[in-house]
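Participant: Okay, handing you the structure first.
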Amino acid sequence: MMRSVSFVDRLELDFSGNHFSDALALGDVDADGVNELVIGNVDGVLAVFKGPSTTPLKKCSGLGTIVCVGIGDVLNTGKNVVVCVNSDGECSLFDITTPSTPGLSKAGVSSSPEQQRRGGHKSMRALHSQSLSTPNVKTLCVAPLSSEGDCDLLLGHTDRCVSVYRWSQGSKALCLLHTASLSGQVGSLSVSSQSSQLLVSQPGGTYLPLAINLEGELESRDLIGQPQRRNPTSSTSLVANIVETVEDSDDIVALCTLDGTVRMVRGGVKQWELQVDHSLFSIQRLDITGSGCDEIVTCAWDGMTYVVDLNRNIVRYKFEQNVTAFAAGCYGLEASNEPCLVYTTFSNRVYIYHNIQLPAVPSFNLVTARLDTEEGWDDETKQRTFRDILYRQKQE
Numbered sequence: 003m004m005r006s007v008s009f010v011d012r013l014e015l016d017f018s019g020n021h022f023s024d025a026l027a028l029g030d031v032d033a034d035g036v037n038e039l040v041i042g043n044v045d046g047v048l049a050v051f052k053g054p055s056t057t058p059l060k061k062c063s064g065l066g067t068i069v070c071v072g073i074g075d076v077l078n079t080g081k082n083v084v085v086c087v088n089s090d091g092e093c094s095l096f097d098i099t100t101p102s103t104p105g106l107s108k109a110g111v112s113s114s115p116e117q118q119r120r121g122g123h124k125s126m127r128a129l130h131s132q133s134l135s136t137p138n139v140k141t142l143c144v145a146p147l148s149s150e151g152d153c154d155l156l157l158g159h160t161d162r163c164v165s166v167y168r169w170s171q172g173s174k175a176l177c178l179l180h181t182a183s184l185s186g187q188v189g190s191l192s193v194s195s196q197s198s199q200l201l202v203s204q205p206g207g208t209y210l211p212l213a214i215n216l217e218g219e220l221e222s223r224d225l226i227g228q229p230q231r232r233n234p235t236s237s238t239s240l241v242a243n244i245v246e247t248v249e250d251s252d253d254i255v256a257l258c259t260l261d262g263t264v265r266m267v268r269g270g271v272k273q274w275e276l277q278v279d280h281s282l283f284s285i286q287r288l289d290i291t292g293s294g295c296d297e298i299v300t301c302a303w304d305g306m307t308y309v310v311d312l313n314r315n316i317v318r319y320k321f322e323q324n325v326t327a328f329a330a331g332c333y334g335l336e337a338s339n340e341p342c343l344v345y346t347t348f349s350n351r352v353y354i355y356h357n358i359q360l361p362a363v364p365s366f367n368l369v370t371a372r373l374d375t376e377e378g379w380d381d382e383t384k385q386r387t388f389r390d391i392l393y394r395q396k397q398e
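Counting from 3, one number per residue, gives the positions in the sequence shown under the working numbering.
Shown next as structure tokens:
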């Protein structure tokens, strides 16, 4: 049984322009322990939003058509930076914790006078910018792929390949380490924390694990899952590292497809799948019940949002507009992070929904929930009291 919920509390951010679906990220970019929202649009504007403010904390323009953004320790200094890639394959790195001084351009040359005129306390400039040797980028991920523990910049491309870059302290540039060509279109990327494999979603609700072999090469493993029969070419997105318990030893991966399938895979084996009547384009993991375990959150282009627990119980929420990008994660409204849903729309609006925590995903009986809160009652006492309450209700 699927039930509907309503979320009311929200921020409407002051940021215009259309966005690609991967040009949106949540993460801690100023090293204060709480997360910010980073977003880029097709007009080349990149903005960082912090806390309850509806105006950007930092902003930069002239970055070309931004196709994807990310947050992570790309420089391997113990501090996150913002990664921005445009449609021409130019990658820019931003550190908003440093003073707003002229940055470095492609060859380490100072910014141009025009770039420096974009001043003001809200301006930010790239620490580094370079044209990548592998263009046609559509999605990115920042995570350690090798056993060395250094973070890599992992890129998915529209020409069915993935590439791995690492920052070189010697050359002060991102150096290409690996590339791999795939048989299907890349949907999204995630690195498994259990196996240190790069997981690449493939059409039809499948994904391909890639790992560094003994020779130091990026090697593809067997495709996980069989393409669905009704639409084997349907675009697919995935999310890995889903937490069920603190003792989890298996990779738990969730996938969604554009034809409305949600699928859960544990240790490479499909556990369940469900079908909805909406075109799902984004899937995330988020502890929306405060239980310490993750739920699966997936969104459709028309704003329909599904929250699914690992036992396949479902809650849905209907956002009132069509969306261009979606993110589910934690955002710091005050001094701490809280679960939030982020929607960007075709009407140049960005909404952050907060206060979305649910007591549970499955439907539950209010009488049972009340009894569960009683301290000092054993199970037999609770069951006897519950039966007495039901009997009195029948008599009435």
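Glycine included, C-beta positions come from ideal geometry on N, C-alpha and C.
Measure the C-alpha to C-alpha separation of residue 126 and residue 179 and round it to an integer number of angstroms.
Facilitator: Looking at the two C-alpha atoms, the distance is approximately 29 Å.
Participant: Quick check on the DSSP output: the beta strand (DSSP E) that includes residue 159 runs from which residue to which?
Facilitator: Looking at the DSSP string, the run of the beta strand (DSSP E) that includes residue 159 is 153 to 159.
Participant: Determine the DSSP secondary structure at residue 354, reduced to helix, strand or coil.
Facilitator: Residue state, collapsed to three classes: strand.
Participant: Between the alpha carbons of residue 283 and residue 144, how many angstroms are there, rounded?
Facilitator: Residue 283 and residue 144: Cα-Cα distance of roughly 21 Å.
Participant: Output needed for residue 43: all residues of its chain with C-beta closer than 8 Å, excluding positions within five of it in sequence on either side, in chain order.
Facilitator: Here the set comprises 17, 18, 19, 20, 21, 25 and 68.
Participant: According to DSSP, simplified to helix, strand and coil, what is residue 292?
Facilitator: Three-state DSSP puts residue 292 in coil, outside helix and strand.
Participant: Is residue 222 helix, strand or coil when you go by DSSP?
Facilitator: Residue 222: strand per DSSP, three-state reduction.
Participant: Does any residue of chain C have a CB that is nearer than 8 Å to the CB of residue 181?
Facilitator: In the structure shown, chain C does not exist; there is a single protein chain.
Participant: DSSP three-state label for residue 57, please.
Facilitator: In this structure, residue 57 counts as coil in the three-state DSSP scheme.
Participant: From the DSSP output, which residues share a beta bridge with residue 169?
Facilitator: 176.
Participant: Determine whether the beta carbon atoms of residue 82 and residue 333 lie at a separation below 8 Å.
Facilitator: No, the pair does not count as a contact, with Cβ atoms beyond the cut-off.
Participant: Leaving out five residues on either side along the sequence, give the residues of the same chain with a beta carbon under 6 Å from the beta carbon of residue 97.
Facilitator: 83 and 129.
Participant: Look up residue 374 in the DSSP assignment and say whether it is helix, strand or coil.
Facilitator: Caution is warranted here: a pLDDT of 49 is assigned to residue 374, below 50, making its placement in the model unreliable, and no coordinate value can be reported.
Participant: So does the region 288 to 295 actually touch the region 346 to 366, counting three or more Cβ pairs closer than 8 Å?
Facilitator: Output reads yes: the region 346 to 366 touches the region 288 to 295.
Participant: DSSP three-state call for residue 306: helix, strand or coil?
Facilitator: Looking at residue 306 - three-state DSSP - the assignment turns out to be strand.
Participant: Would residue 15 pass as a contact of residue 354 if the rule is Cβ separation under 8 Å?
Facilitator: Closer than 8 Å, so yes.
Participant: Let's see if you can read the secondary structure: which residues bound the beta strand (DSSP E) around residue 316?
Facilitator: Where residue 316 is concerned, the enclosing beta strand (DSSP E) stretches over 316 to 320.
Participant: Evaluate contact between the region 232 to 244 and the region 191 to 207, counting only Cβ atoms and requiring at least three cross-stretch pairs below 8 Å.
Facilitator: Yes: the two stretches touch, three or more of their Cβ pairs being nearer than 8 Å.
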